[in-house]
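Peer 1:
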Amino acid sequence: MRRLLALVVGAALALVSACASIPTSGPVEEVPLSAQPRGIDLAPEPPAEGVTPNRLVEGFLQAMADPGDDYAVARQYLTAGAAGWWHPTTAQVVQTTLTTDLDGTARLDGELLGELDATGRLTSTYVPFTYDFGLIREQGEWRIGTPPEGLLLSRFIFERYYSRVPLYFMSRAGSHVVPDLTHVPEALLLPSRVVSALLDGPSEQIARTVSNAIPAGVTLGENGATIDASGVVTVDLVGLDQDMTVEARRGMGAQLLWSLMAFPRMTGLVITQDRAAFALPGANAAGVLEFAGQQGYQVLSRGATPNLYGISDGVPGRLGEDSRFVPLLPRSDGSADAAVSLDGVTVAYIDEAREELSLGQLGGQVTPMRPGYTNLRAPQFVLGALWLLGDDEDGETRLLTLDRAGAVVAVRVTLPEGADVEAFAVSPTRARVAMVVNKDGVRELGVLALLPSGTDTAGWAPLSMVSPRGTEIGDVTGVAWQSETALAFIGSTSSGRSVYLAQADGSLVEDIGPVVGDVVEITAMARLGGGSVAIRNEAGTVWRYEARTRWTRIIDGISAIGFGS
């Protein structure tokens with residue numbers, strides 16, 4: 064007799080509620096502060112007497128969502144020998160079906176969606192996955208003899224019981240913080256864990272793009288990091304130099320405060336060493352560095368214009384939600400594309416021949432230049448610098464930017480051999496570049512680190528993403544940053560084309576609706592928590608997405624679009 068258990072994307076795992084229990088007594092414990100309120104809690108139970116192979120593996124898979132006492136409940140599903148060596152520090156996110164036999168066969172078959180390393184950083188993938196649990200009878204009961212080296216997490220458990228925690232490091236290209244995305248079991252999300260992760264440093268991908276404002280050799284003290292009733296986090300550190308400069312202390316405070324945003328009620332920071340406060344510039348009279356005073360370190364907290372711009376009959380203009388087109392120029396000089404800076408001050412135009420680039424102040428004089436590339440397109444500003452695509456004399460598409468002298472230079476892009484760039488988006492912090500590349504007719508979305516020079520990249524990381532329905536997303540044709548860590552893009556599944564949101568590591572994919580017509584362009588307004596998205600179809604119709612109102616038809620007859628960036 065065989066039985067199938069589908070552990071597919073979005074499955075609610077009916078046994079979760081059956082295993083839930085509410086303790087009514089016991090010692091007072093430190094309670095983790097999850098990043099957002101959740102629904103029911105998962106309280107796995109040990110295997111019952113006489114448990115069947117199917118129920119045994121089901122229970123083990125659920126118990127891996129509970130990290131309490133080093134996965135003590137999950138360990139009870141293992142043989143005595145396996146329980147002794149099994150101490151998972153990594154995880155695999157899977158989409159699988161469980162097959163069991165009464166004779167003790169238990170196997171998962173499906174797809175591997177991602178791998179979490181010991182630091183909580185995810186590498187997305189989409190490859191076949193099979194695992195045999197090697198069930199053994201021990202003292203008359205079925206137990207798992209060959210558990211996986213790390214955890215096996217269904218997509219439901221990963222998205223439900225893991226918190227998204229951006230760690231922040233200081234940009235080498237400016238005075239702002241840069242996010243480095245991690246995922247932490249919400250039951251283990253404590254201030255001490257966040258600070259310890261910061262002490263370990265950034266991911267390999269952005270290590271050359273950022274610096275750690277916490278000096279090397281500093282460790283977490285015996286008092287760790289705690290948060291009080293007023294939201295003030297006290298961090299006890301060992302090894303700080305009392306001669307640290309004012310700027311170094313400012314950077315350390317900003318980096319800690321923004322990383323501790325994982326705790327919504329966090330309001331401020333105190334650093335101690337040897338039981339004494341370590342002075343932080345800008346602290347209030349009580350010695351607390353308040354979070355409200357650290358907004359200048361976050362690029363998405365700075366002033367911005369939420370306007371959507373476009374081109375109509377060669378004229379650049381602003382697209383109003385009342386279906387009006389407001390020209391930026393009193394004349395029609397044949398523009399094919401345009402970009403406006405985030406503060407609404409600087410503008411760039413590309414002429415209809417796509418060979419001339421003009422720069423200047425919005426509504427004022429612009430200076431034309433011929434950069435020596437053809438088919439200029441997709442201009443965007445990031446932190447005051449202009450980026451665009453253009454074709455060189457060999458017809459190869461190059462990512463271009465302006466150097467400090469105002470000359471157009473090509474960015475060295477480290478892509479797989481034979482891959483051609485089709486679309487790009489520089490992250491709001493100028494630390495990463497998302498790119499759509501085409502290799503042998505297959506489109507792929509991936510992310511590169513943008514090095515501090517602004518003319519070099521490193522660490523191509525392709526993104527393998529799966530829709531909420533569990534099908535692979537491919538044929539991506541456009542990409543934009545919707546927040547400091549999230550992407551908006553157009554892609555296809557077996558069900559058709561749609562617009563998606565996803566984290567820059569390929570996790571937490573959201574389908575925000577099927578596209579209308581043949582969509583040829585996407586843009587987004589990057590905001591903390593996610594901003595607006597707009598798309599344009601081949602007929603020139605523009606639609607705008609807001610989380611509250613969903614999709615709204617804005618205007619027709621538009622040939623290019625872009626938010627201020």
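The letter at position 529 of the sequence shown is residue 592 when you use this note's numbering, and the numbering goes up by one with no holes. Note that the Cβ used here is the ideal one computed from N, Cα and C, for glycine as well. Keep in mind the model is a prediction, meaning the values are calculated, not measured.
Across the stretch 269-283 and the stretch 210-227, are there enough close Cβ pairs to call them in contact, namely three or more that are closer than 8 Å?
Peer 2: Flag = no, the stretch 269-283 and the stretch 210-227 do not touch.
Peer 1: Taking all protein chains shown into account, do 16 or more other C-beta atoms lie within 10 angstroms of the C-beta of alanine 488, making it buried, or fewer, making it exposed?
Peer 2: Counting from 1 along the sequence shown, the entry for residue 488 is found at position 425. Answer is buried; the Cβ neighbour count reaches 16.
Peer 1: Please classify glutamine 305: is it buried, with 16 or more other beta-carbons within 10 angstroms of its beta-carbon, or exposed?
Peer 2: On the sequence shown, residue 305 is found 242 positions in, with the first residue counted as 1. Answer is exposed; the Cβ neighbour count stays below 16.
Peer 1: Considering only the beta carbon of each residue, do proline 434 and tyrosine 412 sit closer than 8 Å?
Peer 2: Position 371 of the sequence shown, counting from 1, holds the residue named residue 434. Position 349 of the sequence shown, counting from 1, holds the residue named residue 412. Taking 8 Å as the Cβ cut-off, proline 434 and tyrosine 412 do not qualify as a contacting pair.
Peer 1: Tell me the DSSP secondary structure of serine 595 in three-state form.
Peer 2: Position 532 of the sequence shown, counting from 1, holds the residue named residue 595. Coil.
Peer 1: For phenylalanine 123, collect the residues of the same chain with a Cβ closer than 7 Å to its Cβ; drop the 5 residues on either side in sequence, then sort them by chain order.
Peer 2: On the sequence shown, residue 123 is found 60 positions in, with the first residue counted as 1. Taken in chain order, the residues that qualify are Ala137, Tyr140 and Ile207.
Peer 1: Mind pulling the alpha helix (DSSP H) runs of 4 or more residues that sit fully within the stretch 394-425?
Peer 2: With a minimum length of 4 residues, no continuous alpha helix (DSSP H) run stays inside the stretch 394-425.
Peer 1: Alpha carbon to alpha carbon, what distance is there between threonine 612 and leucine 230?
Peer 2: Numbered from its first residue, the sequence shown carries residue 230 at position 167. Numbered from its first residue, the sequence shown carries residue 612 at position 549. Cα to Cα, the separation comes out at about 31 Å.
Peer 1: Do leucine 303 and valine 281 come within 8 Å of each other at the CB atom, strictly closer than that value?
Peer 2: Here residue 281 refers to the residue found at position 218 when the sequence shown is read from its first residue. Here residue 303 refers to the residue found at position 240 when the sequence shown is read from its first residue. Taking 8 Å as the Cβ cut-off, valine 281 and leucine 303 qualify as a contacting pair.
Peer 1: In this structure, how does DSSP classify tyrosine 224 when only helix, strand and coil are distinguished?
Peer 2: As a position in the sequence shown, residue 224 is number 161, starting the count at 1. The answer is helix: DSSP assigns tyrosine 224 an H, G or I state.
Peer 1: Okay, do the stretch 234-241 and the stretch 489-496 touch, 3+ Cβ pairs below 8 Å being the bar?
Peer 2: Because the criterion of three Cβ pairs below 8 Å is met, the stretch 234-241 and the stretch 489-496 touch.
Peer 1: What does the alpha-carbon distance come out to for the pair aspartate 579 and alanine 181?
Peer 2: For the purposes of this step, residue 579 is taken as residue 516 along the sequence shown, with counting starting at 1. For the purposes of this step, residue 181 is taken as residue 118 along the sequence shown, with counting starting at 1. It should be pointed out that residue 579 corresponds to valine in this sequence rather than to aspartate. C-alpha separation (whole angstroms): 42 Å.
Peer 1: Which residue marks the beginning of the alpha helix (DSSP H) containing phenylalanine 123, and which one marks its end?
Peer 2: Residue numbering aside, residue 123 sits at position 60 when the sequence shown is read from its first letter. Its alpha helix (DSSP H) spans residues 116-126.
Peer 1: Go ahead and pull the three-state DSSP assignment for glutamine 268.
Peer 2: On the sequence shown, position 205 is the one that residue 268 refers to. If DSSP states are grouped into helix, strand and coil, glutamine 268 belongs with coil.
Peer 1: Per DSSP, what kind of secondary structure is arginine 590 in: helix, strand or coil?
Peer 2: Along the sequence shown, read from residue 1 onward, the residue named residue 590 stands at position 527. The answer is coil: DSSP assigns arginine 590 none of H, G, I, E or B.
Peer 1: Assuming aspartate 538 and arginine 590 form a contact by the criterion Cβ under 8 Å, report the distance between their Cβ atoms to the nearest whole angstrom.
Peer 2: The residue labelled residue 538 in the question sits at position 475 within the sequence shown. The residue labelled residue 590 in the question sits at position 527 within the sequence shown. Wrong, their Cβ atoms sit about 27 Å apart, outside the cutoff.
Peer 1: Secondary structure at glutamate 310, three-state DSSP: helix, strand or coil?
Peer 2: Sequence index remark: in the sequence shown, residue 310 carries index 247 (1-based). In this structure, glutamate 310 counts as helix in the three-state DSSP scheme.
Peer 1: Check for me: the beta strand (DSSP E) holding aspartate 574 runs from which residue to which?
Peer 2: By one-based count along the sequence shown, residue 574 stands at place 511. Unbroken beta strand (DSSP E) run through aspartate 574: 573-577.
Peer 1: If we count the other Cβ atoms within 10 Å of its Cβ and call it buried at 16 or more, is tryptophan 148 buried or exposed?
Peer 2: Indexing the sequence shown from 1 puts residue 148 at position 85. Tryptophan 148 comes out exposed.
Peer 1: Can you tell me where the alpha helix (DSSP H) with alanine 135 in it begins and where it stops?
Peer 2: Translated into the one-based positions of the sequence shown, residue 135 becomes position 72. Element bounds for alanine 135: 131-138.
Peer 1: Start and end of the alpha helix (DSSP H) containing leucine 262?
Peer 2: As a position in the sequence shown, residue 262 is number 199, starting the count at 1. Per DSSP, leucine 262 belongs to the alpha helix (DSSP H) from 254-263.
Peer 1: When DSSP labels each residue in this structure, what does leucine 215 get in the three-state scheme?
Peer 2: Looking up residue 215 in the sequence shown gives position 152. Three-state result, leucine 215: strand.
Peer 1: Quick one: grab the DSSP three-state call for valine 496.
Peer 2: Along the sequence shown, read from residue 1 onward, the residue named residue 496 stands at position 433. In the structure shown, valine 496 sits in a strand (DSSP, three-state: E or B).
Peer 1: Do leucine 179 and glutamine 158 come within 8 Å of each other at the CB atom, strictly closer than that value?
Peer 2: Counted from its first residue, the sequence shown places residue 158 at position 95. Counted from its first residue, the sequence shown places residue 179 at position 116. Cβ distance not < 8 Å, so glutamine 158 and leucine 179 don't count as in contact.
Peer 1: Report, in whole angstroms, the separation of the C-beta atoms of threonine 297 and valine 333, which I expect to be a contact under 8 Å.
Peer 2: By one-based count along the sequence shown, residue 297 stands at place 234. By one-based count along the sequence shown, residue 333 stands at place 270. With a Cβ gap of about 5 Å, threonine 297 and valine 333 count as contacting.
Peer 1: Helix, strand or coil for phenylalanine 192, going by three-state DSSP, please let me know.
Peer 2: If you number the sequence shown from 1, residue 192 lands on position 129. It is a strand residue.
Peer 1: List the residues that DSSP assigns as beta-bridge partners of valine 582.
Peer 2: Counted from its first residue, the sequence shown places residue 582 at position 519. Asn600, per the DSSP bridge assignment.
Peer 1: Does the stretch 552-564 come close enough to the stretch 190-200 to have 3 or more Cβ pairs within less than 8 Å?
Peer 2: With a cut-off of 8 Å, the stretch 190-200 and the stretch 552-564 do not count as touching, because too few Cβ pairs lie within range.
Peer 1: Starting from glycine 144 and walking both ways along the alpha helix (DSSP H), at which residues does that stretch end?
Peer 2: Mapped onto the sequence shown, residue 144 falls at position 81. Its alpha helix (DSSP H) spans residues 143-148.
Peer 1: Provide the residue span of the beta strand (DSSP E) that contains proline 525, from first to last.
Peer 2: Your numbering for residue 525 matches position 462 in the sequence shown. Proline 525 -> beta strand (DSSP E) spans 520-525.
Peer 1: If we require 3 or more residues per run, which beta strand (DSSP E) segments fall completely within the stretch 513-563?
Peer 2: The qualifying runs are 520-525, 535-544 and 549-556.
Peer 1: When DSSP builds the beta bridges, which residues end up paired with tyrosine 436?
Peer 2: As a working mapping, residue 436 is identified with position 373 in the sequence shown. Paired residues: none, contrary to the question.
Peer 1: With respect to 7 Å, is the separation between the Cβ of aspartate 455 and the closest non-hydrogen atom of the ligand FAD below this value?
Peer 2: Within the structure as shown, the ligand FAD is missing, as the structure has no ligands at all.
Peer 1: Applying the criterion that 16 or more other CB atoms from any shown protein chain within 10 Å of the CB defines a buried residue, is asparagine 117 buried or exposed?
Peer 2: To locate residue 117, count along the sequence shown from 1; it is residue 54. Buried: at least 16 other Cβ atoms inside 10 Å.
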